[in-house]
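**Q**
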């Protein structure tokens with residue numbers, strides 16, 4: 001493998017104009033070989049890279065410095081890594097430095113994905129793939145792998161395997177520098193393990209183990225043995241599982257990768273838990289938990305906390321509760337804040353159960369002591385009677401405990417049922433988010449050909465409003481029972497005000513009036529309806545009031561009894577235009593007509609002073 005201390009000499013070479021092309025070639029080759037994973041650098045080189053940022057102007061040298069720092073901070077300060085990578089991408093685009101843009105997008109996608117920001121990770125990987133397909137096909141394999149990494153963190157093994165097989169079958173896979181193909185092999189092995197196709201998982205892992213020992217690639221040997229260890233654990237071959245996982249950790253340590261060692265610690269802890277060795281299980285689970293917190297790895301943190309909660313469930317309920325809190329807080333960061341209430345309810349239930357058991361035991365013990373004392377003071381002759389009474393009290397206590405246990409069992413079943421329902425809702429929400437992001441990708445793809453410097457501000461503002469529309473839609477979802485219902489009045493009001501404010505200027509006085517009689521609408525209809533309103537309000541604010549000081553926009557949504565459909569009526573008192581036969585069809589009009597078709601809508605428009613459009617849907 002390329003040694004990490006190559007990075008700074010490359011930076012020095014970049015500073016010499018005569019060696020600029022050679023330097024960039026080394027940088028991009030190294031980026032391809034390690035798939036944007038963390039970069040290890042001596043402290044002095046990190047300090048010099050940061051010093052370079054104060055010296056270099058807006059040129060390719062600064063892009064490379066930012067990229068190296070983003071890679072370096074991936075595990076230690078991931079938020080800082082995101083800032084460095086984002087700045088590098090922005091500057092590379094400004095300089096039209098495509099290679100620099102691609103390697104920086106790799107770094108951004110990787111750090112975003114492993115820290116739980118899957119949307120940002122997928123967006124960077126997908127955009128990088130599109131650019132590489134047209135300009136640098138050798139980098140396609142890298143972005144295939146990064147897209148697969150997002151699906152890995154979302155535990156979607158089928159999608160992950162689909163993208164990994166694209167990388168595996170890519171004609172350039174064998175030409176990747178420093179045997180980069182073994183990363184693809186070990187990822188495929190992991191997928192087969194997750195899909196419980198154990199023979200396929202073992203096949204790929206053994207191929208990696210044999211070849212990477214010969215090639216002296218310790219990190220891939222570590223990955224391969226970790227996969228084999230997890231497979232043997234699932235097969236309940238615990239001795240073999242321990243052997244493989246210990247080999248994996250030794251090679252992680254040899255490679256000097258504490259991040260990977262932390263991930264493998266939770267696998268090792270799981271095996272010790274299965275074979276009832278709680279001390280060893282706790283040691284490795286806590287090591288994994290500390291690593292997850294240190295490296296901001298939310299998935300690892302959640303796995304370790306879950307395992308520790310299971311270990312302490314009967315051994316120490318108080319500790320189990322503390323780890324459940326960590327687990328649920330981490331899951332909230334990974335998925336949605338609505339689970340905070342659910343988590344608190346679970347914790348409160350467990351705490352109340354524990355208090356009830358303590359109170360029952362306390363009452364029982366007090367009763368025993370009191371009766372024994374009374375019996376002793378009255379007479380030893382009443383010992384038989386006291387013993388009978390004590391026996392009855394014990395039976396009563398046992399009955400109370402049985403009732404409590406029965407009640408606890410029912411509460412547990414109810415909690416599990418609730419958690420299962422919430423998980424289904426979250427899965428559905430993720431599916432909605434993925435579909436809605438496709439709207440944005442499709443619009444950006446359409447606009448790609450029309451971008452120029454004269455209209456870039458409008459395009460960015462328009463796309464911002466469209467994205468705000470989708471984001472606001474999910475904010476207004478009713479998540480108590482489903483992820484399908486939208487509070488339409490609040491959604492339309494907030495959305496219209498947001499779009500208007502984004503175009504407002506102090507020289508125009510535009511008044512917005514909104515009436516919505518339809519309270520709830522499904523997300524499948526609310527999304528295209530919201531995007532239509534975004535385009536209508538944007539069009540009015542940009543074009544309708546150019547030649548007048550004051551303007552009015554009136555939006556009304558109601559149920560039309562004549563057509564037995566919902567009706568959107570949009571009116572402004574601006575210059576007006578013929579919506580049906582508009583002479584210059586901009587992208588906004590085309591988007592609106594496509595969205596109206598999606599609603600199966602019918603339109604009515606009127607040619608008069610201003611603009612009026614009715615859509616029945």
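Residue numbers (the UniProt record's numbering): 1 to 617. Every residue gets a Cβ at the ideal spot worked out from N, C-alpha and C, and that includes glycine.
(1) I'd like the ranges of any alpha helix (DSSP H) spanning at least 4 consecutive residues and lying wholly in the region 146-208.
(2) For the 8 Å Cβ check, are there 3 or more pairs between the region 283-292 and the region 59-79?
(3) Does DSSP put residue 236 in a helix, a strand or coil?
(4) How is the beta strand (DSSP E) around residue 522 delimited, first residue to last?
(5) With C-beta atoms as the reference, is residue 488 less than 8 Å away from residue 516?
(6) Of the choices 262, 263, 235 and 222, whose alpha-carbon is the least far from that of residue 244?
(7) Between the alpha carbons of residue 151 and residue 160, how many angstroms are there, rounded?
(8) Whole angstroms is fine: what's the gap from residue 147's alpha carbon to residue 86's?
(9) Express the C-alpha separation of residue 611 and residue 666 in angstroms, rounding to a whole number.
(10) What residues in its chain sit with their C-beta under 7 Å from that of residue 271, if we drop five residues either side in the sequence?
(11) Which value, in whole angstroms, describes the spacing of the CA atoms of residue 113 and residue 119?
(12) So for residue 605, helix, strand or coil by DSSP?
(13) What does the alpha-carbon distance come out to for the pair residue 274 and residue 316?
(14) Looking only at DSSP bridge pairs, what is residue 511 linked to?
(15) Identify whether residue 129 lies in helix, strand or coil by the three-state DSSP scheme.
(16) Below 8 Å between beta carbons: does that hold for residue 500 and residue 512?
(17) Out of 75, 536 and 283, point me to the one whose CA is closest to residue 596's CA.
(18) Assuming residue 51 is part of the alpha helix (DSSP H), what are its boundary residues?
(19) Closer than 6 Å by C-beta to residue 266: which residues in its own chain qualify, once you throw out the five before and the five after it? Chain order, please.
(20) Hey, residue 111 and residue 92 are a contact pair by Cβ (cut 8 Å); roughly how many whole angstroms apart?
(21) Residues in the same chain with beta-carbon distance under 7 Å from residue 168, minus the five sequence neighbours each way, listed in chain order, please.
(22) Below 8 Å between beta carbons: does that hold for residue 109 and residue 121?
(23) The alpha helix (DSSP H) that contains residue 612, what's its start and end?
(24) Hey, how far is the Cα of residue 480 from the Cα of residue 486?
(25) Tell me the DSSP secondary structure of residue 123 in three-state form.
(26) DSSP beta-bridge partners for residue 516?
(27) With a 10 Å radius around its C-beta and 16 neighbouring C-beta atoms as the bar for buried, classify residue 208 as buried or exposed.
(28) Measure the alpha-carbon distance for residue 115 versus residue 534 and round it to whole angstroms.
(29) Out of 139, 201, 591 and 247, state which residue places its alpha-carbon closest to the alpha-carbon of residue 218.
(30) Are the CB atoms of residue 250 and residue 300 nearer to each other than 8 Å?
(31) In chain order, what residues of the same chain lie with their CB nearer than 7 Å to the CB of residue 598, ignoring the 5 residues before and after it?
(32) Is residue 243 helix, strand or coil when you go by DSSP?
(33) Taking residue 568 as part of the beta strand (DSSP E), name the residues at either end of that continuous run.
(34) Alpha carbon to alpha carbon, how far is residue 198 from residue 192? Give it in angstroms, no decimals.
(35) Run the CB neighbour count on residue 581, radius 10 Å, all protein chains shown included, and call it buried at 16 or more, exposed below.
(36) Based on Cα-Cα distance, which residue from 54, 141 and 229 lies nearest to residue 172?
**A** Well, looking at it:
(1) 157-168 and 181-194
(2) no
(3) The count along the chain shown starts at 1 and reaches residue 236 at position 236. In the structure shown, residue 236 sits in coil (DSSP, three-state: anything other than H, G, I, E or B).
(4) The residue labelled residue 522 in the question sits at position 522 within the chain shown. Note, residue 522: beta strand (DSSP E), 520-522.
(5) If you number the chain shown from 1, residue 488 lands on position 488. If you number the chain shown from 1, residue 516 lands on position 516. Yes; because the gap between Cβ atoms is below 8 Å, this pair is in contact.
(6) Mapped onto the chain shown, residue 244 falls at position 244. When each option's Cα is compared against that of residue 244, the closest is 222.
(7) As a working note, residue 151 is residue 151 in the chain shown. As a working note, residue 160 is residue 160 in the chain shown. Answer to the nearest angstrom: the Cα atoms are 5 Å apart.
(8) Taking the first residue of the chain shown as position 1, residue 147 is located at position 147. Taking the first residue of the chain shown as position 1, residue 86 is located at position 86. Distance between the alpha carbons of residue 147 and residue 86 is about 18 Å.
(9) For residue 666 there is no data in the structure shown, the boundaries of the chain being 1 and 617.
(10) Counting from 1 along the chain shown, the entry for residue 271 is found at position 271. Here the set comprises 233, 238, 241, 242 and 245.
(11) On the chain shown, residue 113 is found 113 positions in, with the first residue counted as 1. On the chain shown, residue 119 is found 119 positions in, with the first residue counted as 1. Straight-line Cα distance between these residues: approximately 8 Å.
(12) Indexing the chain shown from 1 puts residue 605 at position 605. Residue state, collapsed to three classes: strand.
(13) For the purposes of this step, residue 274 is identified with residue 274 of the chain shown, where counting begins at 1. For the purposes of this step, residue 316 is identified with residue 316 of the chain shown, where counting begins at 1. For residue 274 and residue 316, the distance between alpha carbons rounds to 18 Å.
(14) Locating residue 511 in the chain shown gives position 511, counting from the first residue. 552.
(15) Stepping through the chain shown from its first residue, residue 129 is reached at position 129. Residue 129: helix per DSSP, three-state reduction.
(16) Residue 500 sits at position 500 when you count from the first residue of the chain shown. Residue 512 sits at position 512 when you count from the first residue of the chain shown. For residue 500 and residue 512, yes; Cβs fall inside 8 Å.
(17) For the purposes of this step, residue 596 is identified with residue 596 of the chain shown, where counting begins at 1. Comparing Cα-Cα distances from residue 596 to each of 75, 536 and 283, the minimum goes to 536.
(18) What you label residue 51 is simply residue 51 of the chain shown in a count that begins at 1. From DSSP, the alpha helix (DSSP H) with residue 51 extends over 43-55.
(19) If you number the chain shown from 1, residue 266 lands on position 266. Result list for residue 266: 288, 303 and 304, in chain order.
(20) Sequence index remark: in the chain shown, residue 111 carries index 111 (1-based). Sequence index remark: in the chain shown, residue 92 carries index 92 (1-based). Not a contact, Cβ separation roughly 17 Å.
(21) For this step, residue 168 is matched to residue 168 along the chain shown. Counting only Cβ-Cβ distances below 7 Å, and skipping sequence neighbours, we find 184 and 188.
(22) Numbered from its first residue, the chain shown carries residue 109 at position 109. Numbered from its first residue, the chain shown carries residue 121 at position 121. Contact flag set, yes.
(23) Taking the first residue of the chain shown as position 1, residue 612 is located at position 612. Element bounds for residue 612: not the alpha helix (DSSP H) but the beta strand (DSSP E), 611-616.
(24) In the chain shown, counting from the first residue as 1, residue 480 sits at position 480. In the chain shown, counting from the first residue as 1, residue 486 sits at position 486. Residue placement at residue 480 cannot be trusted, given a pLDDT of 47 that sits under 50; what the coordinates show is reported in the next sentence. So the two alpha carbons sit approximately 12 Å from each other.
(25) Here residue 123 corresponds to residue number 123 of the chain shown, with the count starting at 1. Reduced to three states, the DSSP call for residue 123 is helix.
(26) As a position in the chain shown, residue 516 is number 516, starting the count at 1. DSSP, once it has assigned bridges, lists 557 as partnering residue 516.
(27) By 1-based counting over the chain shown, the position of residue 208 is 208. Flag for residue 208 reads buried.
(28) Looking up residue 115 in the chain shown gives position 115. Looking up residue 534 in the chain shown gives position 534. Answer to the nearest angstrom: the Cα atoms are 33 Å apart.
(29) Along the chain shown, one-based indexing puts residue 218 at 218. Of the candidates 139, 201, 591 and 247, the one whose C-alpha sits nearest the C-alpha of residue 218 is 247.
(30) Translated into the one-based positions of the chain shown, residue 250 becomes position 250. Translated into the one-based positions of the chain shown, residue 300 becomes position 300. No, they are not a contact pair.
(31) To locate residue 598, count along the chain shown from 1; it is residue 598. If we look at residue 598 and ignore the five residues flanking it on each side, its Cβ neighbours are 528.
(32) Looking up residue 243 in the chain shown gives position 243. Residue 243: helix per DSSP, three-state reduction.
(33) In the chain shown, the residue the question calls residue 568 occupies position 568. Segment 565-572, the beta strand (DSSP E) holding residue 568.
(34) What you label residue 192 is simply residue 192 of the chain shown in a count that begins at 1. What you label residue 198 is simply residue 198 of the chain shown in a count that begins at 1. So the alpha carbons of these two residues sit roughly 7 Å apart.
(35) Locating residue 581 in the chain shown gives position 581, where the first residue counts as 1. Exposed, by the Cβ-count rule.
(36) Numbered from 1 along the chain shown, position 172 holds the residue referred to as residue 172. Looking at the Cα atoms, 141 is the closest of the given residues.
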